[in-house]
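Student:
Residue numbers (my numbering), protein chains in the order written: chain A, 118 to 200; chain B, 177 to 361.
(1) Which residue wins for smallest C-alpha separation from residue 317 of chain B, given the options B:296, B:305, B:329, B:330?
(2) Please list, in chain order, the residues of the stretch 205-221 of chain B that have any C-beta partner in chain A closer than 8 Å.
(3) Where does residue 280 of chain B sit, in a helix, a strand or coil, going by DSSP?
(4) Under a CB-based cut-off of 8 Å, is residue 159 of chain A close to chain B?
(5) Could you give the distance in angstroms between the alpha-carbon of residue 270 of chain B and the alpha-carbon of residue 143 of chain A?
(6) Do you know how far the Cα of residue 215 of chain B is from the Cα of residue 157 of chain A?
(7) Within 8 Å, do at least three Cβ pairs link the stretch 254-264 of chain B to the stretch 181-198 of chain A?
(8) Check whether the stretch 278-285 of chain B touches the stretch 182-193 of chain B, taking contact to mean three or more Cβ pairs, one atom from each stretch, closer than 8 Å.
(9) Using a Cβ-Cβ cut-off of 8 Å, state whether residue 132 of chain A counts as contacting chain B.
(10) For a test of the three-state rule: what should DSSP assign to residue 207 of chain B, helix, strand or coil?
(11) Going along chain A in order, which residues have a C-beta closer than 7 Å to the C-beta of residue 247 of chain B?
(12) Give a yes or no on whether the minimum CB-CB distance between residue 174 of chain A and chain B is below 8 Å.
(13) Using 7 Å as the cut-off, classify the Cβ of residue 178 of chain B as near or not near the heavy atoms of the ligand MN, replying yes or no.
(14) Using the rule of at least 16 other Cβ atoms within 10 Å of the residue's Cβ for burial, across every protein chain shown, is residue 153 of chain A buried or exposed?
(15) Quick check on the DSSP output: the alpha helix (DSSP H) that includes residue 229 of chain B runs from which residue to which?
(16) Return the chain-ordered list of same chain residues with a C-beta closer than 7 Å to the C-beta of residue 238 of chain B, the five sequence neighbours on each side being excluded.
(17) Please classify residue 309 of chain B as buried or exposed, where buried requires at least 16 other C-beta atoms within 10 Å of its C-beta.
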């Protein structure tokens, strides 16, 4: 799966949780879930569970620890999908 | 260095926006012991959010200190001495927490030291909480609230300044749903 396809799917996943429309409109590889999209940390776990379901992967705690940005999330997804 | 963190949970929003019974939700964020405590509780929903706000308040305290952000709620282990007072342990750091709750929200303050050091806190509407903090700070320092400016640290923690002078040693602001809360020293 290409980076662009992953970003496309991530955009759909994060949409229900975003609180900053401007940040969402500009969503790109460098977007930070909390600083740019103002996603509440209480929803981060929902995003992680949605990513697991969508990409059919299992995210361990060490990987989850880094998933605060689009870039880090893409890296985790790509690594897990290639295992 | 002395740090302080806080977290507010709008219980109405938590109920509608998050489903704690969703598969994986508890397993990803809570330790085995916490999960058992939640499931054996009379009010599992409230226990989930009590532990969550304790973990989050402790994390906010810790992130300011080590200047690093991460998402590892399971590594912050909660235990309670009473309904309101508890401990959160992350690796070799212990945080002392106090939680205030009513039917609308839950608010936890976490500190690294047990001592009775003075701090200031407030709870209000999500939209005006920053203004409320500035007004409090103005009352303490005698500086006009309009001249107080917020700047963020590298981990996104807020600090308040008057020109070049730092007014808060440590500060944390939390928003959730309709509510906002702050704590600073």
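By construction, the Cβ of each residue, glycine as well, lies at the ideal position given by its N, Cα and C atoms.
Tutor: Quick answer:
(1) B:296
(2) 205
(3) coil
(4) yes
(5) 39 Å
(6) 24 Å
(7) no
(8) yes
(9) no
(10) coil
(11) 161, 181, 182, 184, 185
(12) no
(13) As far as ligands go, the structure on display features none, and thus does not contain the ligand MN.
(14) buried
(15) 220-242
(16) 266, 269
(17) buried
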